[in-house]
Amino acid sequence: MPQIKMRGVDLEKVCAGSKEMIDNLEEIIGCPRDYFTIEWVPSTFVCDGGIVPGYPFVEVVWFDRGQKVQDQVAREITRFVHEMGYSSVDVYFHALEKKSYYENGVSFI
């Protein structure tokens, strides 16, 4: 955990830079790399009755680590997406509550 879900970006570009991004996020967040998941979400963007080019959206689902760490993670993800050649990206966070998260039927509290 954290789960990083990316849409509106090229899968090959995500794969190419994923190691470096996780290296950097591992240092910022302070959790082992095997806690991270990156999910590429295929999506089709539609406007005015037709298919239009996508726009990068990155969702981070995690246990809250405070505003300072969240800001650093947002900057690192933004840097990663910009280096993929996208000029703009939206990053948003969903903070999970430990009492609501279960792994193999066992709560995190």
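Residue numbers (this note's numbering): 161 to 269. All C-beta atoms, glycine included, are put in the ideal place defined by N, C-alpha and C. Note that the structure is predicted; figures quoted are calculated from it, not measured.
1) Could you work out which residue in E172, Q227, F223, H254 is closest to I269 when comparing CA atoms only?
2) Do you know how far the Cα of G226 is from the Cα of L185?
3) Do M181 and F240 count as a contact pair if the criterion is CB distance below 9 Å?
4) Does the distance between the C-beta of L185 and the nearest non-hydrogen atom of the ligand ZN fall short of 8 Å?
5) Going straight from the alpha carbon of D170 to that of I237, what length do you get?
6) Return the chain-ordered list of same chain residues with a C-beta closer than 6 Å to the C-beta of G214, the five sequence neighbours on each side being excluded.
7) Decide if V251 is buried, meaning its Cβ has at least 16 other Cβ atoms within 10 Å, or exposed.
Taking the structure as given:
1) It is F223.
2) Roughly 15 Å between the two C-alpha positions.
3) For the pair F240 and M181, the CB atoms are nearer than the 9 Å cut-off.
4) Of the ligands one can find in the structure shown there are none, so the ligand ZN has no counterpart to examine.
5) One C-alpha to the other measures close to 15 Å.
6) Counting only Cβ-Cβ distances below 6 Å, and skipping sequence neighbours, we find G168, F205.
7) When all chains shown are included, V251 counts as buried.
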